[in-house]
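Please read the structure below before turning to the comments.
There are 2 protein chains.
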Amino acid sequence: MNPQQYSSSLLENAVQEFAKLPGIGRKTALRLVLHLLKETEEEVENFGNSIIELKKNIIYCKVCHNISDSEVCDICSNLSRDKSTVCVVETIKDVITIENTQQFRGLYHVLGGIISPMDGIGPNDLEIDSLIRRVENEGINEVILALSTTMEGDTTNFYLYRKLEPFHVKITTLARGVAIGDELEYADEITLGRSIQNRIEFSQTFNK
Amino acid sequence: MNPQQYSSSLLENAVQEFAKLPGIGRKTALRLVLHLLKETEEEVENFGNSIIELKKNIIYCKVCHNISDSEVCDICSNLSRDKSTVCVVETIKDVITIENTQQFRGLYHVLGGIISPMDGIGPNDLEIDSLIRRVENEGINEVILALSTTMEGDTTNFYLYRKLEPFHVKITTLARGVAIGDELEYADEITLGRSIQNRIEFSQTFNK
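Chains as they are written, first to last, in the numbering used here: chain A, 85 to 292; chain B, 85 to 292.
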């Protein structure tokens, strides 16, 4: 097959670039590019420049390593948030997901990944030292480990637990259980088993 | 809901731009933007500039109005193509679709839409005059009408038919029928009815 299918190399180039995005094949890429081609030149420039500007000017918060517009992100500099609780997550996407629940008023710490020897990611590739420094110096009472429940997540959880233990900080992890709205019949056995082990006082559910 | 959900206005802006694309919601937009953020600055610039360059420098072929890198597109300037047959289509996308079949060796004429009074598109908004001039001056023997089988497509077909009749050119349209591989049971009645009316000699199918 000829790699250039279209009558314009500019079109071919744009489609190739869009088709590199995850979940976007050549057909969808063509549809998106032809859609943009119908917009005004200004709108297309706004689109193209939005991602270039983001990449060029993005700042990572020096405290929690979340994406930010300034040296310290809006969450870390927000005086109304609980500075004694830090939630440890893998990526900035997890921060957005947890923020959307509107149930957490503490701060975050973005590791930038999890320990995964198979992918060559060790503790030194992650923001673990800076987490330990925060726990040591910033009066943190509780660290919530909110990593994936995979082998790598468990490994990282355990590594962090060992590193943080000496500071006598409370270390918690997310409750795992049957999702709200799910029927027991469809829950997997491991989750359901964990839900039974970690059952809670019924009266606790009233506060929600 | 606060329109700015993220801790960075640059991220917010990029996500908003991506979410304007057809079929892309805010969640997918965020996924695409965070994917690009992991790429190198050069790759992100290539991506953003590919669409800006396309919009700025795109040329439409002065003969057939297909998208092109030069005044006359590769198809129109290809000496091995049959210049006596012109296939009339709505958009540049249709050109790509027909080219992919590798079954057509003639030229194209891109109307830029179809007559649609509901959307305020009349014959003068389309490349109809230039089609008539081509038929008049360029020794065209056959015009293939390859528009949608909608009310608007039929209207446009009929309008073109009336305009082209005086030039004694052969006017054809695409065969409609049961798709190859489809079972009769699942074909709609109008298509199946048309397939029976326009049945062809069995021996004709051998040449394909």
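For each residue, glycine too, the CB sits at the ideal point set by N, CA and C.
Small disclaimer: the values here were computed from a predicted structure and weren't measured.
8 Å is my cut-off, CB to CB: does residue 180 of chain A come that close to chain B?
yes
Pull up the distance between the alpha-carbon of residue 226 of chain B and that of residue 192 of chain B, whole angstroms please.
11 Å
If we count Cβ pairs, one from each stretch, closer than 8 Å, do we get three or more for the segment 224-238 of chain B versus the segment 252-265 of chain B?
yes
Which residue spans inside the segment 200-286 of chain B form an unbroken alpha helix (DSSP H) run of at least 4?
212-221, 235-248 and 273-281
Can you find a C-beta in chain A that's less than 8 Å from the C-beta of residue 89 of chain B?
yes
Let me check one thing: in DSSP terms, what residues is residue 152 of chain B bridge-paired to?
B:143
Can you pull the chain B residues whose beta carbon is under 9 Å from the beta carbon of residue 121 of chain A, in chain order?
135, 138, 139, 142, 151 and 176
Interface residues of chain A around residue 203 of chain B at Cβ under 8 Å?
The contacting residues do not exist; residue 203 of chain B stays about 14 Å from chain A at best.
Rounded to whole angstroms, what's the CA-CA distance from residue 174 of chain A to residue 206 of chain A? Just pull it up for me.
14 Å
If you run the structure through DSSP and keep just helix, strand and coil, what is residue 177 of chain A?
helix
Verify the CB distance criterion: does residue 115 of chain A have a CB-CB separation below 8 Å to chain B?
yes
Could you have a look at residue 195 of chain A and say whether DSSP puts it in helix, strand or coil?
coil
Pick helix, strand or coil for residue 107 of chain B, following the three-state DSSP scheme.
coil
What is the DSSP secondary structure of residue 169 of chain B, reduced to helix, strand or coil?
strand
Of all Cβ atoms in chain B, is any one closer than 8 Å to the Cβ of residue 281 of chain A?
no
Cutoff 8 Å: residue 85 of chain B Cβ touching any chain A Cβ:
Note that residue 85 of chain B has pLDDT 41, beneath the 50 cutoff, so the model's placement of it is unreliable and the number below is only indicative. False, the Cβ-Cβ gap to chain A never drops below 8 Å.
Looking only at C-alpha atoms, which of A:98, A:143 and A:262 sits nearest to residue 155 of chain A?
A:143
Excluding the five sequence neighbours on either side, which residues of its own chain have a C-beta within less than 7 Å of the C-beta of residue 241 of chain B, listed in chain order?
229, 231 and 257
In whole angstroms, give me the CA-to-CA distance for residue 218 of chain B and residue 251 of chain B.
11 Å
Classify residue 131 of chain A as buried or exposed, calling it buried when 16 or more other Cβ atoms lie within 10 Å of its own Cβ.
buried
Does the beta-carbon of residue 86 of chain A have 16 or more other beta-carbons within 10 angstroms, so that it is buried, or is it exposed?
Low confidence applies to residue 86 of chain A: its pLDDT is 49, below 50, so where it sits in the model is not reliable, and the reading given next is rough at best. When all chains shown are included, residue 86 of chain A counts as exposed.
For residue 106 of chain A, go through chain E and note every residue whose CB falls closer than 8 Å to its CB, in chain order.
No chain E appears in the structure shown, which is made up of the protein chains A and B.
Output, in chain order, the set of chain A residues within a Cβ distance shorter than 8 Å of residue 159 of chain B.
91
Classification of residue 108 of chain A by the beta-carbon crowding that lies within 10 angstroms, buried from 16 upward
buried
Stretch-stretch touch, CB-based, cutoff 8 Å, three pairs: the segment 109-116 of chain A with the segment 111-127 of chain B
no
So with CB distances below 7 Å, who are the chain A contacts of residue 98 of chain B?
134, 135 and 138
Name the residue from A:265, A:281 and A:176 whose alpha carbon lies nearest to the alpha carbon of residue 89 of chain B.
A:176
Evaluate contact between the segment 133-148 of chain B and the segment 179-195 of chain A, counting only Cβ atoms and requiring at least three cross-stretch pairs below 8 Å.
no
Under a CB-based cut-off of 8 Å, is residue 292 of chain A close to chain B?
Here the model assigns residue 292 of chain A a pLDDT of 48, short of 50, so the residue's position is not dependable and the matter cannot be decided.
Residue 210 of chain A: which of A:168, A:149, A:264 and A:165 sits nearest, CA to CA?
A:149
According to the neighbour-count rule (16 or more other Cβ atoms, all chains shown, within 10 Å of its Cβ), is residue 280 of chain A buried or exposed?
exposed
Cα separation between residue 102 of chain B and residue 110 of chain B?
8 Å
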